[in-house]
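For reference, the structure is listed below as structure tokens.
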Amino acid sequence: MAQRAVSISPRWPGVLSGALVLALTLGTLAAVALRADLTTGLGAADWAAIRFTVVQALLSALISVVLAIPVARALARRRFWGRQALITLLGAPFLLPVIVAVVGLIAVFGRNGILNYILIWAGIEPVSIYGFHGVILAHVFFNLPLAVRFILQGWLAIPSERFRLAASLNVPIGRVLEVPMLRAVVPSTFLVIFLICLTSFAVALTLGRGPKSTTVELAIYQALRFDFDLGRAAMLACIQFGLCAVAAVIAWRVTGVDAMGAGFDRTVTRWDMRRPFWDYLAIALAALFLLIPLTMVMLRGLPGLLEMPSSVWLAAMRSVLVAIGSATLCCTMSIALGLLGGRAVAVVGVLPLAASGLVVGTGAFLIVYPFVSPSDVALVITMLVNATLALPFVLRAIGPAIVAVHEDFGRLGASVGLTRWAWLRIVVLPRIRRPLGFGAGLSAALSMGDLGVIALFAGKAEETLPLAMHRLMGAYRMDAAAGAAVILLGISLLIFWICDHWGRSDVDL
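Here it is as structure tokens:
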């Protein structure tokens, strides 16, 4: 009988998966660095793109966090019907394809949107959503819910005993409990959102509309697709990777440590519940900010279904195939890396966070261009890159479950003589089914909405549904684009629900 934990999991799939991740991150970065044209230096337009990228990311993160604090505090303090559903809704923008949300925001804040109708009725000059403020608005729409979820977790992690002690001592709860929690949670939340906004491509592509609103990733795209300046694109990709790497390292270093201690998991009773109006106002405004654009997508998109060209349905089919392939590959790599374990796996698992889709796509473009036409391998490369970029999130969901299986059943599996593949099939996979279903749905939904890598490679015959939507918007066929948005939103949520439901059904473990 085994007296200690024995590794009975196959190791070579984890090594192969790690090598693939390294090739798609550091390998593509090396290809970019070797091709970078450092002799000409950065032009005025390049410096302007760098400044715009950093400034918009800073402002987007700052506004998102500042607005999220009162909303998270209100959700932590109040109990009302539909509260849990609202909190669940706050996770929707993370799954929402960016291009779909942009359509909803244009329907509310665009030239013919609800806001401008109200302004014109009131005799006020209409506003434009395009440009710097439009990019900020879209980033806040995506990241405000994420900031609320992060900060809300910090509030809910304060043990009820701390509130009881503060009340018994008659000390202000905000100063002794809430402010220290915010000091621990807010910096890392700010930097995570800052990193997300640094790598935003679809928002700048659709709402930037001008040289003054060009991000580094958009400049990479323009250098490749319009100027075919490989050296300049490679140099900008190196700069983008450097910005992301610095932000990722700082975010990792400043992650707060829970200093509140443990409690007995009692229901939190608050004694600072005065002025409920302001709490409910913050919740209502946040809910309206999220729900109205999504509602407008449905109202405007349903009639637009009749105006869509047939090519949109072919693009939808390609997107589904890419999403299924990306999710399958991502989950396979995550399981293999989770079974391998170790510090090196942890490092490999976070590398994609520092590599944006455009940087990886640029490197892949430079690698394949001398041998084949990039459009011929557009869907395959998109699938590989999407799987790699979703890996940190899926590995985070699956990894702890695999570790728990090893700790609970590793000795038993070794003692009964299970082979490596039998261990995986009989013991591991059934017990990680719930996080595996969630991870598969998440990676598939993220792949469905991708408008980064495919924009570099695809021609008309290889376009996916997000790219087809973008081209319809560029042709000012907004009704048809709204119809495509409904299809994209429905397919993304359906794929996520199917995978997540599969993971939850008939699981009693």
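Oh and the sequence shown: position 61 is 61 in the working numbering, straight run, nothing missing.
Backbone N, C-alpha and C fix where the C-beta goes; we use that ideal spot for every residue, glycine too.
Nearest neighbour of F132, chosen from V103, G123, I193 and T215 [CA to CA]: T215
Host alpha helix (DSSP H) of P145 (start-end): F132 to L156
Nearest residue (CA-CA) to V350, options G399, S310, T382 and I367: G399
Own chain residues within Cβ distance below 8 Å of L224, not counting five before or after: L230, A233, T362, F365 and L456
Backbone secondary structure at F194 - three-state DSSP: helix
Rounded distance between the beta-carbons of A202 and L389, thought under 8 Å: That belief does not hold up - the Cβ atoms of L389 and A202 are roughly 14 Å apart, past 8 Å.
Rounded straight-line distance, which links the Cα of I196 to that of A212: The sequence as given places Lys at residue 212; Ala does not occur at that position. So the alpha carbons of these two residues sit roughly 20 Å apart.
A404, buried or exposed, once every other Cβ within 10 Å from all chains shown has been counted against 16: Answer is exposed; the Cβ neighbour count stays below 16.
D258 classed as buried or exposed, judged by whether at least 16 other C-beta atoms fall within 10 angstroms: Residue confidence for D258 is low, a pLDDT of 48 falling below 50, so the modelled location carries little weight and cannot support an answer.
Three or more C-beta pairs below 8 Å linking the stretch 103 to 116 and the stretch 25 to 37: no
Meets three-Cβ-pair contact criterion under 8 Å: the stretch 342 to 357 and the stretch 233 to 246: yes
The alpha helix (DSSP H) enclosing G325, as first and last residue numbers: Per DSSP, G325 belongs to the alpha helix (DSSP H) from S311 to L340.
Cα-Cα separation, L294 to V55: 27 Å
Distance, P13 Cα to G338 Cα: In a straight line, the C-alpha of G338 is about 10 Å away from that of P13.
Helix, strand or coil at N116 according to DSSP, with G and I counted as helix: It is helical.
Contact the stretch 412 to 420 vs the stretch 289 to 307: 3+ CB pairs below 8 Å: no
Minimum length 4: unbroken alpha helix (DSSP H) runs contained in the stretch 396 to 463: 433 to 448 and 453 to 457
Cβ neighbours of A36 in the same chain (closer than 8 Å, five flanking residues each side left out): G231, A234, M235, A237 and C238
Rounded distance between the beta-carbons of S443 and A315, thought under 8 Å: The Cβ separation is near 20 Å, so there is no contact.
Backbone secondary structure at I99 - three-state DSSP: In this structure, I99 counts as helix in the three-state DSSP scheme.
I193 vs S64 beta-carbon contact at 8 Å: yes
Residue of A68, S200 and W278 minimising C-alpha distance to F190: A68
The stretch 472 to 491 in contact with the stretch 299 to 307 per 3-pair CB rule at 8 Å: With the cut-off at 8 Å, the stretch 472 to 491 and the stretch 299 to 307 touch.
Segment contact, 8 Å Cβ cut-off, at least three pairs: the stretch 429 to 443 with the stretch 495 to 505: yes
Contacting residues, own chain, Cβ-Cβ under 6 Å from R4 (five flanking each side not counted): Confidence in R4 is poor, its pLDDT being 44 and thus under 50, which makes the residue's placement too unreliable to answer from.
Reduced DSSP category for D258 - H, G, I as helix; E, B as strand; rest coil: Because D258 carries a pLDDT of 48, less than 50, the predicted location of this residue cannot be relied on, and the following value inherits that uncertainty. In this structure, D258 counts as coil in the three-state DSSP scheme.
I283 and T206 closer than 8 Å at C-beta: no
Contacting residues, own chain, Cβ-Cβ under 6 Å from A286 (five flanking each side not counted): V71
Of the listed residues L177, D376, L340 and D408, nearest to L16 (C-alpha basis): L340
Rounded separation between L493 and M296 - CA only: 17 Å
Nearest candidate by alpha-carbon position, reference I381, set A23, R425 and G18: A23
Enclosing alpha helix (DSSP H) for P276 [first to last residue]: P276 to G304 is the extent of the alpha helix (DSSP H) around P276.
Span separating the alpha-carbon of F264 from that of L156: Residue confidence is low: F264 scores 43 on pLDDT, short of 50, so the model does not pin down where it sits. Its coordinate-derived value is still stated next. Distance between the alpha carbons of F264 and L156 is about 13 Å.
CB contact flag (A397, L329, <8 Å): no
For D227, three-class secondary structure by DSSP: Per DSSP, reduced to three states, the secondary structure at D227 is coil, with no helix or strand assignment.
Start-to-end residues for the alpha helix (DSSP H) that takes in A68: A44 to R77
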